[in-house]
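A quick write-up on the structure given underneath.
There are 4 protein chains.
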Amino acid sequence: MTVRVAVAGARGRMGSQAVAAVEAAADLELVAALGRGDSLDAAAGADVLVDLTVPGSVMANVEGALARGLHVVTGTTGFTPERVAQVEGWAAAAGRNVLIATNFGIGAVLVMQLAAKAARFFESVEVVELHHPGKVDAPSGSAIRTAQLVAAARAEAGLGPSPDATETELPGARGAVVDGIHVHAVRMRGMTAHQEVILGGPGETLTLRDDTYDRSAYMPGLLLGVRQVAQRPGVTVGLEHYLDLD
Amino acid sequence: MTVRVAVAGARGRMGSQAVAAVEAAADLELVAALGRGDSLDAAAGADVLVDLTVPGSVMANVEGALARGLHVVTGTTGFTPERVAQVEGWAAAAGRNVLIATNFGIGAVLVMQLAAKAARFFESVEVVELHHPGKVDAPSGSAIRTAQLVAAARAEAGLGPSPDATETELPGARGAVVDGIHVHAVRMRGMTAHQEVILGGPGETLTLRDDTYDRSAYMPGLLLGVRQVAQRPGVTVGLEHYLDLD
Amino acid sequence: MTVRVAVAGARGRMGSQAVAAVEAAADLELVAALGRGDSLDAAAGADVLVDLTVPGSVMANVEGALARGLHVVTGTTGFTPERVAQVEGWAAAAGRNVLIATNFGIGAVLVMQLAAKAARFFESVEVVELHHPGKVDAPSGSAIRTAQLVAAARAEAGLGPSPDATETELPGARGAVVDGIHVHAVRMRGMTAHQEVILGGPGETLTLRDDTYDRSAYMPGLLLGVRQVAQRPGVTVGLEHYLDLD
Amino acid sequence: MTVRVAVAGARGRMGSQAVAAVEAAADLELVAALGRGDSLDAAAGADVLVDLTVPGSVMANVEGALARGLHVVTGTTGFTPERVAQVEGWAAAAGRNVLIATNFGIGAVLVMQLAAKAARFFESVEVVELHHPGKVDAPSGSAIRTAQLVAAARAEAGLGPSPDATETELPGARGAVVDGIHVHAVRMRGMTAHQEVILGGPGETLTLRDDTYDRSAYMPGLLLGVRQVAQRPGVTVGLEHYLDLD
Chain A
2 MTVRVAVAGA
12 RGRMGSQAVA
22 AVEAAADLEL
32 VAALGRGDSL
42 DAAAGADVLV
52 DLTVPGSVMA
62 NVEGALARGL
72 HVVTGTTGFT
82 PERVAQVEGW
92 AAAAGRNVLI
102 ATNFGIGAVL
112 VMQLAAKAAR
122 FFESVEVVEL
132 HHPGKVDAPS
142 GSAIRTAQLV
152 AAARAEAGLG
162 PSPDATETEL
172 PGARGAVVDG
182 IHVHAVRMRG
192 MTAHQEVILG
202 GPGETLTLRD
212 DTYDRSAYMP
222 GLLLGVRQVA
232 QRPGVTVGLE
242 HYLDLD
Chain B
2 MTVRVAVAGA
12 RGRMGSQAVA
22 AVEAAADLEL
32 VAALGRGDSL
42 DAAAGADVLV
52 DLTVPGSVMA
62 NVEGALARGL
72 HVVTGTTGFT
82 PERVAQVEGW
92 AAAAGRNVLI
102 ATNFGIGAVL
112 VMQLAAKAAR
122 FFESVEVVEL
132 HHPGKVDAPS
142 GSAIRTAQLV
152 AAARAEAGLG
162 PSPDATETEL
172 PGARGAVVDG
182 IHVHAVRMRG
192 MTAHQEVILG
202 GPGETLTLRD
212 DTYDRSAYMP
222 GLLLGVRQVA
232 QRPGVTVGLE
242 HYLDLD
Chain C
2 MTVRVAVAGA
12 RGRMGSQAVA
22 AVEAAADLEL
32 VAALGRGDSL
42 DAAAGADVLV
52 DLTVPGSVMA
62 NVEGALARGL
72 HVVTGTTGFT
82 PERVAQVEGW
92 AAAAGRNVLI
102 ATNFGIGAVL
112 VMQLAAKAAR
122 FFESVEVVEL
132 HHPGKVDAPS
142 GSAIRTAQLV
152 AAARAEAGLG
162 PSPDATETEL
172 PGARGAVVDG
182 IHVHAVRMRG
192 MTAHQEVILG
202 GPGETLTLRD
212 DTYDRSAYMP
222 GLLLGVRQVA
232 QRPGVTVGLE
242 HYLDLD
Chain D
2 MTVRVAVAGA
12 RGRMGSQAVA
22 AVEAAADLEL
32 VAALGRGDSL
42 DAAAGADVLV
52 DLTVPGSVMA
62 NVEGALARGL
72 HVVTGTTGFT
82 PERVAQVEGW
92 AAAAGRNVLI
102 ATNFGIGAVL
112 VMQLAAKAAR
122 FFESVEVVEL
132 HHPGKVDAPS
142 GSAIRTAQLV
152 AAARAEAGLG
162 PSPDATETEL
172 PGARGAVVDG
182 IHVHAVRMRG
192 MTAHQEVILG
202 GPGETLTLRD
212 DTYDRSAYMP
222 GLLLGVRQVA
232 QRPGVTVGLE
242 HYLDLD
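In C-alpha cells:
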C-alpha cells in the first residue's frame, strides 16, 4: 500500500533530500513539495506531512496538517515540553499521530540506545565524538544525550563512578564531565559527524561507533518514520521508539 | 545474601581465575575448589557449582551437582542437543537451574546480540574477527555465530543480500561467506580475540567492536551467571539470555 | 610567486574539482580550463598543465604541454612503462618536469609508505580495505600495491611469513594473499575508500588507517604536485616521491 | 655472531622479562642476571649491559659497565640533561656506546615519529590516548611528547592552528592543549596503553594507532637496542634513532 507524502521545507538542504528519497521509494508517493509561503492545502490527500522547516513555521504546519487529517513526521528543532504538549492536544483531537525527532540517523540513534543497554555491564565508559571543525558547540548534543542515557543506566544498575586514578591533569585532558561521564570532542577537517562509546571491564572493551558521512544518512530513518507513523498512536518524541529495540 | 560457590576444574586456566574471582567478590563465598579426582561431596553446602572442566567430566559433574541440590554454571564445551536434553531432565527432576555458555565475555556476547538487533536497519553488513596467530580455525566460532544471527535478523526483516558489485576478485579477498554474510579473519601477533561487525546504509556506518585482551574478560560474565542462576528457571544455553537486552 | 595553471579535462569530475581548487588557492592562478576538443594553445603562458583526462588523450596533452614549455602533473591512468619512457624522452628534450600519479590522496599514499617503513619491525602484518559496494575489483589496487610494498620491506629485512596456525578454514576467511600478505576487502554502503594496515609484534599492534570520504581528498596532493613540479627534475611516478618522507 | 648480555634489575618486572627474552633469542647469550646488591663484576665478559633498575642505581651501573668495556642499553627513567652529559663523558672515555630510552615499544615510538612525518600535510591533528584507570597522570607523557613533535613539524611547515569554530564548550570537552595540539585522555578498565593520532584534510583522515597490550611489547625494541648498540657511536637518547626511519 502506497503512503502519500507531502514535504514542507522542500527547498531546504534536508527537505530537498527528503523529496528525492520519497520519489525514489517504490512504496511512497510524493503529492506535494512545499516551500516557504506555499499553502498547506496542497498537502490535502496526503497521508503524512514531513516537516523539515524552522522553529518559526513548524507549529502552524503541524496544526494545519493534523487538522487536515494527516499524520506528521518532523525533524525541525525547537520542540520544548510546552510545544510537545500542544502537539499532543492537536493530535488527540485529530486522531492522528506525530513523530518528532531531532536525529534521524539510525546509526547515531542506535549507538546511544545500545550504549545505554550495555552500560550496566561495564565498570568504565567514556564518550568520544568527532566532528568537522566548523561545529560551534562541544561536545555535540548527541554526545551529551548519550552521556545522560548511559549515566541513567549506570545509576539504575547501582554502579558508581568509572574508576580513575588521575592525580595530575593538564586542564581538559580528561574531557568534559556530563552526569559523571567523561566526554571528549575532536574537531577534524575531513570528518562530518562521528561518535564512539567505549565501555570497559576487566580484560575487555566494547566499542560502539557511528560514522555519519553526509546528510543522506538521515533518509532511511526519516522514511522509516513516514512508513510507521500511521501505526504509532499519539505523539512520539525520538526515533528510537520506532526502532523496537526492546 | 551470600552465594556459596564450588568450582570444578579449579586448577585449570579458567578455573583458577574463577576461584580467584569468587574469592575477590564480597557477595560470593568459595566453599570448594575441586581438581581432577576430587569428590563432588566437597561441594555439598554450596548453592552453585561452577564447572570449568572438560567434555569428558562435565556431565557427571552436572548430574552430581544437581542431585546434591546445587544450581550449575558451566563454560565447558561439547554440549550437543542430546546432552542439553539430558541436563534438562536432571534439572527438572532436581528443581534446580543450569546455565550452559561457551562464551562468558559480556562484550563479545553483546556484539553478537546488538548486531542482530541493528541488522534489519542496514543494507550492508560484514564481520571482521582478529585473533592471535596460534588460532587453528578461521573464522572463529563466534564470528560464524554472529553471521548466523545477523543473517537470520536480515531474513526476518525481508532484506536481500548486501550490495556487492565485485566482478574481479583475487581468491579470498571478499572473505568467507556464512549464510550470505561476508566474514574476514585476521591473524595478528599481539592480539588475543577481537571482533568487529560493520553495518552500513546510505551516508552512515555503525561499528560494533569487542576487544578481549585476556582471560579475565570472562569473569564478570561468569559471576553474573553465578549470581543469577537461582532466579533463572530451567536450563539456559547462552549468557545472552541472562543479559535482559529485550 | 604565483604558479599559473591550465587544467585539461576540466569538465570531468576530478577536473572540475581541480579547477575550483586552483581558483581557491592564493598562490595559484588558473589560466585555462580545457575540455574535450579545446586546443592546448589556450594553455600557453601557464607554468603547469594539470591533465585529468583519459588514456586516449593524455599522451598528446603531455607532449603538447612539454613542447610549449609547461611542466605537467597528471592523474590520468594507463601509464605503461613504454608510455613513461616516451614521456621521459619528451621531458628531457623540453627541459621540463612531469609528475605521473594514480593516487593523489596524501593520506592513502602515506599509509602505504609508512606501512612499508614500519613493516620490518613486526612479525605480523595484514591489510584490510573497505570500499563502497559499487567497486568492481577486490582487493583495491591500492591494497595490492600496499601488500607488495610491505612484502618487499619484509623480504629486505629477512622476515619470513607472518605466523599463522590456521588448520581449518572456511574458504576465503583468511583473505587474498598478495606476495605472502593477507588482504581483506570489505564492501559497505555508506563508505567511500578506506584502508587499514595492521602490524603486530608481541604485546603490541600498530594500525595505520586512511579514510577517504570524497573526491576533495585528492586536491591537496594535486596542488602539492602543481607547486613542486618545477623543482623536481625529470619524470616522477608516484606522489610519494614528492612527500620527502626519508 | 652472538652478543653477550648482562641484565641489571633482573628481578624487576621489566628485568625478568628482559632476562627471558635474551635467553629466548638465538643470537644473544645471557651472561649475568644481576639483582640489587650484586656486583657488576659478574657482568665482565658481556658485550652489553641492559640496565632496568631505578634512578638511584642507574648512574653507577652505567659508569661501571662502561669502565669494564661494555656498551649499555637502559630503560631506567630520570635521565636529566646533566645525567646525559655525564654519561657522554664516560662513554667517550671508554670508547663505548649507550642507548637511553624511556619507551622501548616500537609501535608507540613509530606512532610518534610517523605522526611527525605526516603532520605537515594535514590541516587538523589531534591526539587521543587511552590507558588503564590506574594511571595517575593525564595526558600520558607519550601523548605530550607526540603533541610536541607534531607541533614542531607543523611550525616548521608554516602551518597555523588546526581549524576549530568552537564557541560553546563544556569545560574540558576539547581536551588539553599542548603546544597548540588538542590531546584527549581516556581512562578505561581493560585497556593498558593505547595512543591514536588523527590527522585530517579535506575529504580525508589519516589515523595512526598504537595498542600496547602488555609489557612484552617492550622486548623487541629492547633487543633491537642490544643488537645495535655496538654499531651506534656515542650516547643516543630515544629508540627512534635506531629505527632508521629517514
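Protein chains in written order, with this note's numbering: chain A, 2 to 247; chain B, 2 to 247; chain C, 2 to 247; chain D, 2 to 247. Virtual Cβ for every residue (Gly too), placed ideally from N, Cα, C.
For a test of the three-state rule: what should DSSP assign to A:Ser40, helix, strand or coil? Collapsing the DSSP output to three states places A:Ser40 in coil.
Check for me: the beta strand (DSSP E) holding A:Thr208 runs from which residue to which? DSSP places A:Thr208 in the uninterrupted beta strand (DSSP E) bounded by 205 to 213.
On the DSSP letters alone, give me the boundaries of the beta strand (DSSP E) that B:Gln232 sits inside. Run containing B:Gln232: none; DSSP gives neither H nor E here.
Skipping 5 residues on each side, what residues in its chain have a beta carbon closer than 7 Å to that of D:Gly239? Here the set comprises Ala102.
Identity of the residues DSSP links to C:Leu131 by a beta bridge: Bridge partners of C:Leu131: C:Val187, C:His195.
Proximity below 7 Å, CB of C:Val32 to CB of C:Ala7: Taking 7 Å as the cut-off, the Cβ atoms of C:Val32 and C:Ala7 count as close.
In chain B, which residues lie less than 9 Å from C:Pro134 when you measure between Cβ atoms? The contacting residues are Glu124, Ser125, Ser163, Pro164, Asp165, Ala166, Thr167, Gly201.
Cα-Cα separation, B:Pro134 to C:Leu171: Those two C-alpha atoms are separated by around 16 Å.
Taking C-beta pairs closer than 7 Å, name the residues in chain B that A:Arg228 reaches, listed in chain order. Chain B residues near A:Arg228: none, gap ~13 Å exceeds 7 Å.
is_contact[C:Thr206, chain B] using C-beta, thresh 7 Å: Proximity of C:Thr206 to chain B, defined by a Cβ-Cβ separation below 7 Å, is satisfied.
When the Cα atoms are used, what is the spatial distance from B:Gly96 to B:Phe105? A direct Cα-Cα distance of roughly 24 Å separates B:Gly96 from B:Phe105.
In the structure shown, what three-state DSSP assignment does D:Glu170 receive? D:Glu170 carries a strand assignment under DSSP once its states are collapsed to helix, strand and coil.
Following the continuous beta strand (DSSP E) through B:Thr3, name the residue where it begins and the one where it ends. Premise fails: B:Thr3 is in no beta strand (DSSP E) and is neither H nor E.
Grouping DSSP H, G and I as helix and E and B as strand, with all else coil, what is C:Glu241? For C:Glu241, the secondary structure class from DSSP, reduced to helix, strand or coil, is helix.
B:Gly108 CB to nearest chain A CB: under 7 Å? Interface annotation, B:Gly108: in contact with chain A, CB-CB separation under 7 Å.
Within this structure, are the beta carbons of C:Glu253 and C:Thr3 separated by less than 7 Å? Coverage of chain C is limited to positions 2 through 247, which leaves residue 253 of chain C absent and any answer about it impossible.
Could you give the distance in angstroms between the alpha-carbon of B:Pro234 and the alpha-carbon of B:Asn98? Approximately 6 Å between the Cα atoms of the pair.
Can you check which of these residues, D:Glu168, D:Ala152, D:Leu41, is closest to D:Val178 by C-alpha distance? Residue D:Ala152 is the option with its Cα nearest to D:Val178.
For the pair the stretch 110 to 130 of chain D and the stretch 107 to 116 of chain C, tell me if three or more CB-CB distances fall below 8 Å. A contact between stretches requires three or more CB pairs, one per stretch, nearer than 8 Å, and the stretch 110 to 130 of chain D meets this requirement with the stretch 107 to 116 of chain C.
B:Thr77 beta carbon less than 7 Å from that of C:Gly191: Cβ distance not < 7 Å, so C:Gly191 and B:Thr77 don't count as in contact.
Name the two residues that bound the continuous alpha helix (DSSP H) containing B:Ala25. Unbroken alpha helix (DSSP H) run through B:Ala25: 14 to 25.
For D:Met189, which residues in chain A fall below 7 Å Cβ to Cβ? Result: Ser125, Glu127, Ile199, Gly201, Thr206.
Counting contacts by CB-CB distance shorter than 7 Å, is A:Leu111 in contact with chain B? A:Leu111 counts as touching chain B.
Evaluate D:Ser40 with the Cβ neighbour count: other Cβ atoms within 10 Å of its Cβ, from every protein chain shown; 16 or more gives buried, anything less gives exposed. Under this definition D:Ser40 is an exposed residue.
Once you ignore the five residues that flank A:Gly16 on each side, which residues in its own chain have a CB closer than 7 Å to its CB? So the list reads Val8, Gly10, Leu53, once near-sequence residues are dropped.
Partners in chain B for D:Tyr214, counting only beta-carbon separations shorter than 9 Å: Under the 9 Å cutoff, chain B gives Gly191, Met192, Thr193, Tyr214, Asp215.
How would you write the range of the alpha helix (DSSP H) that C:Thr147 sits in, first residue to last? Here the alpha helix (DSSP H) through C:Thr147 covers 142 to 157.
If you run the structure through DSSP and keep just helix, strand and coil, what is A:Ala92? It is helical.
Please tell me whether A:Asp42 has its Cβ less than 7 Å away from any Cβ of chain B. A:Asp42 does not count as touching chain B.
Starting from C:Ala139, follow its DSSP beta bridges and name the residues at the other end. Looking at the DSSP assignment, C:Ala139 forms a beta bridge with B:Glu170.
Helix, strand or coil: how does DSSP classify C:Leu246 here? Residue state, collapsed to three classes: coil.
Below 8 Å on the Cβ atoms is my contact criterion, and I expect B:Ala148 with B:Val128 to pass it. Report the Cβ-Cβ distance as a whole number of Å. About 5 Å separates the two Cβ atoms, so the contact holds.
Nearest to A:Ala139 by alpha carbon, out of A:Ala25, A:Gly161, A:Leu35, A:His183? Across the set A:Ala25, A:Gly161, A:Leu35, A:His183, the C-alpha of A:His183 shows the shortest separation from the C-alpha of A:Ala139.
Could you tell me the boundaries of the alpha helix (DSSP H) in which D:Leu53 lies? First-last for D:Leu53: undefined, no H or E at that position.
Compute the beta-carbon to beta-carbon distance between B:Asp125 and B:Gly36, rounded to the nearest angstrom, for a pair I have assumed lies under 8 Å. Correcting the residue type first, residue 125 of chain B is Ser in the shown sequence and not Asp. Not quite, the Cβ-Cβ distance comes to about 49 Å (not below 8 Å), so this is no contact.
Provide the residue span of the alpha helix (DSSP H) that contains C:Leu111, from first to last. Counting along the chain, C:Leu111 sits inside the alpha helix (DSSP H) bounded by residues 107 to 119.
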